[in-house]
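Mapping of the sequence shown onto numbering that gives the first Met the number 0: residues 0 to 626, in sequence order.
Each residue gets a CB set at the ideal place from its N, CA and C atoms; glycine is no exception.
Input: a single structure, listed below in structure tokens.
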Amino acid sequence: MQEKGNLSINSENLFPIIKKWLYSDQDIFIRELVSNAADAIVKMKKLAAMGDAQVGEDETWAVTVSIDEAGKTITVSDNGIGMTDEEVRKYINQVAFSGAAEFLEKYKDATEDPIIGHFGLGFYSAFMVAKVVEIHSLSYQEGAKAVLWTSDGGSSYEMSDGSRDHRGTDIILHVNEDGEKYLQTYELRSIMDKYCSFMPVPVYLTNPAEEMKRLEEMRKNHKDGEPEPSLPEPKPINDVEPLWTRAAKDLTDDDYKNFYHKVFMDYKEPLFWIHLNMDYPFRLKGILYFPKLGNEFESSEGQVKLFCNQVFVADNVKEVIPEFLLLLKGTIDCPDIPLNVSRSFLQNDGYVRKISDYITRKVADKLKSLFTSERENYEKYWDDIHPFVKYGCLRNEKFYDRMKDCLIFKSAVTDKYVTLPDYLEAAKEKHDKKVFYTSDPRQQAQYVAALKGQNMDAVILPTAIDLPFISLLESKNEGVRFLRVDTNLSEALKSDDAETDSEKAAKAEKIFREALENDKLNVKLENLKDTGVSVLLENSEEGQRMNDMARLYGMAELARQNDQTLVVNANSPLVAHLLASENEELVKKAACQMYDLARLSSRPLEAAELNAFISRTQELLDALIGG
Ligand code: ADP
Ligand code: MG
């Protein structure tokens, strides 16, 4: 019996049009065919388990992909449930092809909306790499007859009695020009590694001609007396029970670490991980690792692999996994995710948002539990995780709300970690609601030392993300201001003494303006507690942040010279001498020297400035020793 038919689609030839959409990702044909084969086996196992079908005691389940380079075919075989001719009509002729029609209808106006999954189109993807596809199938059903289906991917197919004599299905691809590269074992192997590594049924890849050649080679080199050479037992390419499918209580730390090394090829140890397992209202399993960051220059981008029933879908699907979590590494398996739709649809899908919320919550919960019950470890990890936590707080309001009590800051004074409330409480008497920070503890050491001298603290916030992060904290904590140590410091260091003498203030201004030949210089006389400090340069916090931002965006030339203020300490004996001295020349030199020292404590001097500083120092030493 032979049957010919037309597929019920208007288009003359669907393939060229669909090919255009799928072209960029031809590789997925193997994922689709192997996952169909694995599905067929899973169904068969289920039927057998329920007693609805008989299988042999020694049945070994396998999907086998074999390459025939000479014959230019790739065959995907399984011993699953198989299909009757009626099922082929229903599932292949109608479903697969009508899926294609639907797909076309929906996407005829779309331009570059990549499809990330099935559309009832899985089978059809075979035509991306094959000019002719054959299906040989024998259903498990009693009395079923083998069926053969052939099509060239146009709008017609042929069906006839098949010759397959054991249950299951072979899909034979006669590859086209594009498909020839897949005849290379290495090429196909690497794609199967990507997509099939964790499928739930053993998957084998074989190239019989290549293997025969190898065996002959071995036989040629065979020496008398040695055992007869033979090929090694074929091994499946996949792990049918990946870690995320197993119960956390059965797993050791080493299990998690080994899985991490293998899957992400990262030789470094992960810091810690979260095993996700959710059944309701949606199913989700997975493991998320917090990687140890390498040096700054290494890209800190993570990798979160998305799976659908152990079939790899894609890396870093930001529609499903919140963007900031993409700094992590891990595997997430969502069997229910509607992958048969485009990415832009996923973005607006409430279900996907729930998944994303769930993952975010779990991550925050893990961090919180570390903070509360393993504070020491949490502090140890902080250097590696703080960019992630800060980024998460900036990107996701809910994440911030969960994490807000677990944000810690390293003190430049004590080297210990404090929370914002800790800091504010300790500073309450001296500078209420003000947080001093240093962006570079080495360069700003003078300022930190001045604070320390008054029993005050400053926290270290050195990274680019800290700027937007402190703005966030300021907006969330009313009245709290973050001040870089070289800004507004005099405010904190001022003694409660009465106001400074206005006559003296005018004199100080005059001395410094004349000495520095800058009649716009802001000079302020203050009573600072630390008598060892003579002058300080103070920037405005706003100007400071503007500069930092400009530098962050590589616009250093835009960073303007700040409206700096020179704070002169009326309590410093040196300043008292300066104001009282009659020696005009010495006063001038001393003023310049003090100004340069103040500058030096926040930045290196320019070449010319440094030269002037050095020769002036010589002169002053001369005067000191000689005079
Ligand atoms: P989907 O897998 O999303 O249903 P496909 O186009 O991949 O869409 O496959 C269509 C249908 O064809 C499957 O649902 C299944 O019923 C049938 N089918 C495909 N491959 C096989 C196979 N190897 N064994 C049994 N049935 C298969
Ligand atoms: Mg499929």
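(Q) Following a CB-centred definition, is Asp77 positioned closer than 8 Å to any heavy atom of the ligand MG? (A) Residue 77 sits at position 78 when you count from the first residue of the sequence shown. False, no ligand heavy atom lies under 8 Å from that Cβ.
Q: Put Gly329 into one of helix, strand or coil per three-state DSSP.
A: Within the sequence shown, numbered from 1, the residue matching residue 329 stands at position 330. Three-state result, Gly329: strand.
Q) Cα separation between Ala39 and Gly79? A) In the sequence shown, the residue the question calls residue 39 occupies position 40. In the sequence shown, the residue the question calls residue 79 occupies position 80. Using only the alpha carbons, I get a separation of about 4 Å.
**Q.** Residues of its chain near Thr530, where Cβ-Cβ distance is below 6 Å and the 5 sequence neighbours each way are ignored
**A.** Residue 530 sits at position 531 when you count from the first residue of the sequence shown. Closer than 6 Å at the Cβ level, and outside the excluded window around Thr530, lie Asn570 and Ser571.
(Q) Between the alpha carbons of Leu524 and Glu498, how many angstroms are there, rounded? (A) On the sequence shown, residue 524 is found 525 positions in, with the first residue counted as 1. On the sequence shown, residue 498 is found 499 positions in, with the first residue counted as 1. Near 9 Å, if we compare the C-alpha coordinates of Glu498 and Leu524.
Q: Go ahead and pull the three-state DSSP assignment for Thr663.
A: Residue 663 cannot be examined here, being either before or after the span of the chain that is shown, 0 to 626.
Q | C-alpha gap between Val131 and Asn257, whole angstroms | A | Taking the first residue of the sequence shown as position 1, residue 131 is located at position 132. Taking the first residue of the sequence shown as position 1, residue 257 is located at position 258. Near 42 Å, if we compare the C-alpha coordinates of Asn257 and Val131.
Q: Locate the beta strand (DSSP E) running through Ser614, then write down its first and last residues.
A: Numbered from 1 along the sequence shown, position 615 holds the residue referred to as residue 614. Per DSSP, Ser614 belongs to no beta strand (DSSP E); it is in the alpha helix (DSSP H), Ala606 to Gly625.
**Q.** Cβ of Pro467 within 9 Å of any chain C Cβ
**A.** Absent from the structure: chain C. Only one protein chain is present.
(Q) Once DSSP output is grouped into helix, strand and coil, what is the label at Gly285? (A) Locating residue 285 in the sequence shown gives position 286, where the first residue counts as 1. Strand at Gly285.
Q. Is Gln93 helix, strand or coil by DSSP?
A. Taking the first residue of the sequence shown as position 1, residue 93 is located at position 94. Helix.
Q: Note the first and the last residue of the continuous beta strand (DSSP E) segment covering Tyr203.
A: For the purposes of this step, residue 203 is taken as the residue at position 204 of the sequence shown. Segment Val202 to Thr205, the beta strand (DSSP E) holding Tyr203.
Q: Given a cut-off of 9 Å, decide if Ala590 and Ala514 are closer than it, judged by their beta-carbon atoms.
A: As a position in the sequence shown, residue 514 is number 515, starting the count at 1. As a position in the sequence shown, residue 590 is number 591, starting the count at 1. Yes. Within cutoff.
Q) Which partner residues of Phe258 appear in the DSSP bridge assignment? A) On the sequence shown, position 259 is the one that residue 258 refers to. According to DSSP, Phe258 bridges with nothing at all.
Q.
Taking the beta carbon of Ile613 as the centre, do at least 16 other beta carbons fall within 10 Å, making it buried, or is it exposed?
A. As a working note, residue 613 is residue 614 in the sequence shown. Ile613 is exposed by the Cβ-count criterion.
Q.
Less than 8 Å separating the Cβ of Gly121 from some heavy atom of the ligand MG?
A. The residue given as residue 121 occupies position 122 in the sequence shown. The answer is yes for Gly121.
Q.
Tell me which residues share the same chain as Leu466 and place their Cβ nearer than 6 Å to its Cβ, disregarding the 5 neighbours each side in the sequence.
A. Taking the first residue of the sequence shown as position 1, residue 466 is located at position 467. These residues qualify, in order along the chain: Asp547.
Q) In the structure shown, what three-state DSSP assignment does Phe481 receive? A) Taking the sequence shown and counting its residues from 1, the one referred to as residue 481 is at position 482. Strand, per DSSP.
Q. Just to confirm, does Glu86 get its C-beta within under 8 Å of one of the non-hydrogen atoms of the ligand ADP?
A. If you number the sequence shown from 1, residue 86 lands on position 87. The answer is yes for Glu86.
**Q.** Nonlocal neighbours in the same chain, by C-beta distance under 6 Å from Arg163, ignoring five residues either side
**A.** Stepping through the sequence shown from its first residue, residue 163 is reached at position 164. Result list for Arg163: His135, Leu137 and Ala145, in chain order.
Q. Which one of Leu214, Val239 and Ala247 has the shortest CA to CA distance from Pro232?
A. Against the sequence shown, residue 232 aligns to sequence position 233. Note that residue 232 is Glu in the sequence shown here, rather than Pro. Minimum Cα distance to Glu232 is reached at Leu214.
Q) Which residues in the same chain have their Cβ closer than 6 Å to the Cβ of Ala606, if we skip the five residues on either side of it in sequence? A) Looking up residue 606 in the sequence shown gives position 607. Around Ala606: no qualifying Cβ.
(Q) Quick check on DSSP: helix, strand or coil for Phe511? (A) Counting from one through the sequence shown, the residue named residue 511 turns up at place 512. Looking at Phe511 - three-state DSSP - the assignment turns out to be helix.
Q.
Could you pull the DSSP bridge partners for Leu585 from this structure?
A. Taking the sequence shown and counting its residues from 1, the one referred to as residue 585 is at position 586. Within the DSSP secondary-structure output, Leu585 pairs in no beta bridge.
Q: Could you tell me the boundaries of the alpha helix (DSSP H) in which Ser600 lies?
A: As a first step, residue 600 is located in the sequence shown; it is residue number 601 there, counting from the start. Segment: none, Ser600 is in no alpha helix (DSSP H) and carries neither H nor E.
Q: Kindly indicate which three-state DSSP category Val634 falls into: helix, strand or coil?
A: Limits of the chain in this structure are 0 at one end and 626 at the other, which puts residue 634 out of reach.
Q) Which residues in the same chain have their Cβ closer than 7 Å to the Cβ of Leu535, if we skip the five residues on either side of it in sequence? A) For the purposes of this step, residue 535 is identified with residue 536 of the sequence shown, where counting begins at 1. The residues are Leu488, Ser489, Val566 and Ala597.
Q | With 16 other Cβ atoms within 10 Å as the buried cut-off, status of Tyr266 | A | In the sequence shown, the residue the question calls residue 266 occupies position 267. The residue is exposed, with fewer than 16 neighbouring Cβ atoms inside 10 Å.
Q) Going along the chain, which residues of its own chain have a beta-carbon closer than 7 Å to the beta-carbon of Ala129, five neighbours each way excluded? A) Position 130 of the sequence shown, counting from 1, holds the residue named residue 129. Counting only Cβ-Cβ distances below 7 Å, and skipping sequence neighbours, we find Leu172, His173, Val174, Asn175 and Gly178.
Q: Taking only heavy atoms of the ligand ADP into account, decide whether any of them is closer than 8 Å to the Cβ of Thr168.
A: Counted from its first residue, the sequence shown places residue 168 at position 169. Yes; taking the cut-off as 8 Å, the Cβ of Thr168 has a heavy atom of the ligand ADP nearer than that.
Q | Proximity to Leu230 [Cα-Cα], best of Ser470, Pro207, Glu537 and Thr244 | A | Counted from its first residue, the sequence shown places residue 230 at position 231. For Leu230, the nearest C-alpha among the options comes from Pro207.
Q. For Val310, which option in Leu577, Tyr594 and Ile190 has the closest C-alpha, if you only look at C-alpha atoms?
A. Stepping through the sequence shown from its first residue, residue 310 is reached at position 311. Minimum Cα distance to Val310 is reached at Ile190.
Q. If you compare alpha carbons, which of Leu275, Asp314, Ile354 and Glu225 is closest to Phe281?
A. As a first step, residue 281 must be located in the sequence shown, where it is residue number 282. Nearest option by C-alpha distance: Ile354.
Q. Cβ of Ala61 within 9 Å of Cβ of Pro199?
A. Your numbering for residue 61 matches position 62 in the sequence shown. Your numbering for residue 199 matches position 200 in the sequence shown. The answer is no: Cβ separation not under 9 Å.
(Q) Residues in the same chain with beta-carbon distance under 8 Å from Tyr416, minus the five sequence neighbours each way, listed in chain order, please. (A) Position 417 of the sequence shown, counting from 1, holds the residue named residue 416. Within the same chain, Tyr416 has close Cβ partners Glu378, Trp381, Ile407, Phe408, Lys409 and Ser410.
Q.
Just list the residues that DSSP pairs Glu133 with in beta bridges.
A. Locating residue 133 in the sequence shown gives position 134, counting from the first residue. Partner(s): Thr149 and Ile171.
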